[in-house]
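Peer 1:
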Amino acid sequence: MTVKDQVCIVTGGAHGIGRALAERFAVEGARAVVVADLDLEAAQQVAAGFGGMAIGCDVSVEADLVNLIETVEYAYGGIGLFCSNAGIGMEGGLHVTDAQWERIMKINFMSHVWLARHLVPRLLRNGEGAMLQTVSAAGLLTQLGSAPYAVSKHAAMAFAEWLAVTYGSRGLKVFALCPQGVKTALLEEASHGSMNFLVDSALDPSAVASAVIEGLAKENFLILPHPEVAEYFRRKATDYDRWLRGMQRLQTETGIEQLMKP
Ligand SMILES: NC(=O)c1ccc[n+]([C@@H]2O[C@H](COP(=O)([O-])OP(=O)(O)OC[C@H]3O[C@@H](n4cnc5c(N)ncnc54)[C@H](O)[C@@H]3O)[C@@H](O)[C@H]2O)c1
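Note that the numbering used here has the sequence shown beginning at 1, numbered continuously upward.
1) Assign VAL151 to one of two classes, buried (16 or more other C-beta atoms within 10 Å of its C-beta) or exposed (fewer than that).
2) With DSSP as the reference, identify every bridge partner of LEU38, one or two as the case may be.
3) Cβ of HIS95 versus every heavy atom of ligand 1: is any distance shorter than 7 Å?
4) Just to confirm, is the Cβ distance from VAL212 to LEU40 under 8 Å?
5) Can you check the segment 25 to 74 for any beta strand (DSSP E) of at least 3 residues that lies completely inside it and give the ranges in chain order?
6) In or out: LEU187 buried (at least 16 other Cβ within 10 Å) or exposed?
7) Quick one: grab the DSSP three-state call for VAL273.
8) Count the CB pairs spanning the segment 95 to 110 and the segment 193 to 201 that are closer than 8 Å, and state whether there are at least three.
9) Express the C-alpha separation of VAL208 and ALA202 in angstroms, rounding to a whole number.
10) Mind checking whether the beta-carbon of GLY52 lies closer than 7 Å to any heavy atom of ligand 1?
11) Looking at the structure shown, is MET221 part of a helix, part of a strand, or coil, going by DSSP?
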């Protein structure tokens, strides 16, 4: 598929990967690009750059997602591509509080469930439409130094897979975007802690947007801006114990082990 002449929505579109996606979709000739974000002011600035629409939206609130879908449908008609991209990082392991777990699970995981609840029936009714979830390589592998990020992204991945299995044959297109490090505020905030080893291979958000355009064209479920992630994922599946030992070594070498006090 292409985004040309499609109505595209990007959550977390005010900054980072989401911003790069929104701007690229506009360049590719999307009929409308909607930038949805908690940070409405920044979303408005991004949307103004290409004559798009900005909508304030907290993806951890189901009613906000319903409002987003309904506002866009009212303005432009059927949604062609919804990028459920907003997400947060969070360092820590055993000492992460229940409130923090709840917060990250709502933003990184439940947002996709709430979205699908309201969007999937509409897309199936329209007979077309695609959903892209920004997951992470952490959803296929793990995240050193961050239990909540690893777990919330695995949950998001499992849900994307389940959507593809359950509704793919009825025409729903589902994509899971799984980058490693990308040069955004999220990586910057964690670059001295759990994500320090990802900085060297980090991509510009525009490179991730290019990978998305290519992935959509090929209609491959998994979009990997860092192709080496496919090999890591294969190694994990073929020899789990060896993979675990390798990750333990990496945790020691990167100094992240020191951060994970029991
Ligand atoms: N940067 C990386 O290294 C990296 C790697 C893999 C996956 N990801 C994923 O990419 C996605 C985008 O992250 P990014 O790196 O561009 O980060 P970012 O911090 O640059 O941008 C995130 C955007 O989401 C918005 N946002 C945060 N919480 C929100 C909420 N509750 N509702 C609506 N908007 C909200 C922020 O305002 C911001 O505009 C996330 O899902 C993240 O987990 C990032």
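From the three backbone atoms N, C-alpha and C, an ideal C-beta is built for every residue, glycine too.
Peer 2: Taking the coordinates as given:
1) VAL151 sits buried, since 16 or more C-beta atoms from the chains shown fall within 10 Å of its C-beta.
2) Bridge partners of LEU38 according to DSSP: none are assigned.
3) No - ligand 1 has no heavy atom lying nearer than 7 Å to the Cβ of HIS95.
4) No.
5) DSSP runs (the beta strand (DSSP E)) wholly in the segment 25 to 74: 32 to 37 and 53 to 56.
6) With 16 or more Cβ atoms within 10 Å of its Cβ, LEU187 is classed as buried.
7) Look at the range of the chain in this structure, 1 to 262, and you will see that residue 273 is not part of it.
8) Segments in contact, no.
9) A direct Cα-to-Cα measurement between ALA202 and VAL208 gives close to 10 Å.
10) Taking 7 Å as the cut-off, one finds no heavy atom of ligand 1 near enough to the beta carbon of GLY52.
11) The identity of residue 221 in the sequence shown is Phe, whereas the question assumes Met. Reduced to three states, the DSSP call for PHE221 is coil.
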